[in-house]
Amino acid sequence: MIKMVVEVWKKPEMTDEQFRERWLVEHGALVRKHAKAMGFVRYIQSHKRVSPEIEAFGEGRGWKRPPDGLTEVWWESEEAMQAAFATPEGQEASRLLQADEEQFIDPPKISAFLADEEVIFDYTAA
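Start counting the sequence shown at 1; every next residue gets the next number (the UniProt record's numbering).
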């Protein structure tokens with residue numbers, strides 16, 4: 001499996017609540033609708049929680065301000081991702097998702113990368 005991790009930044013004029021609702025409910029439904037065409041096997045949104053303690057921790061280490069959230073999208077393989085993107089259905093789904101994203105995210109701030117997830121430990125596993 002391979003995943004793409006995306007830093008998500010809301011449009012400056014949106015409140016945190018507006019952004020969360022728009023991304024989670026409306027965009028989430030659109031992603032679910034087009035998941036097969038895009039070859040997605042898993043999709044997760046991580047929404048930032050306000051935490052003065054974590055903000056102070058990051059500032060103390062000289063870290064940059066965090067994004068408003070993260071998206072993680074999984075494919076079976078990089079080849080499966082490329083194959084989905086090459087189909088007319090995948091290209092149309094990508095176009096529709098991008099058009100929707102432009103309604104609530106701030107594209108110049110977005111960054112994304114492909115990642116191999118390496119679990120060092122998982123104490124939640126049975």
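Ideal Cβ positions, reconstructed from N, Cα and C, are used throughout, including at glycine.
- The C-alpha of Phe-57 lies about 45 Å from the C-alpha of Glu-89.
- In summary, Thr-71 is buried, with 16 or more beta-carbon neighbours lying within 10 Å of its beta-carbon over all protein chains present.
- By the criterion of a C-beta distance shorter than 6 Å, Glu-78 is surrounded in its chain by Ile-2, once the five residues flanking it on both sides are discounted.
- Straight-line measurement puts the Cα of Pro-12 at about 11 Å from the Cα of Gln-18.
- Residue range 52–60 is occupied by the alpha helix (DSSP H) that includes Gly-60.
- Per the Cβ contact rule, the region 90–103 is in contact with the region 23–39 (3 or more Cβ pairs under 8 Å).
- Counting only the Cα atoms, Ile-44 lies some 18 Å from Asp-16.
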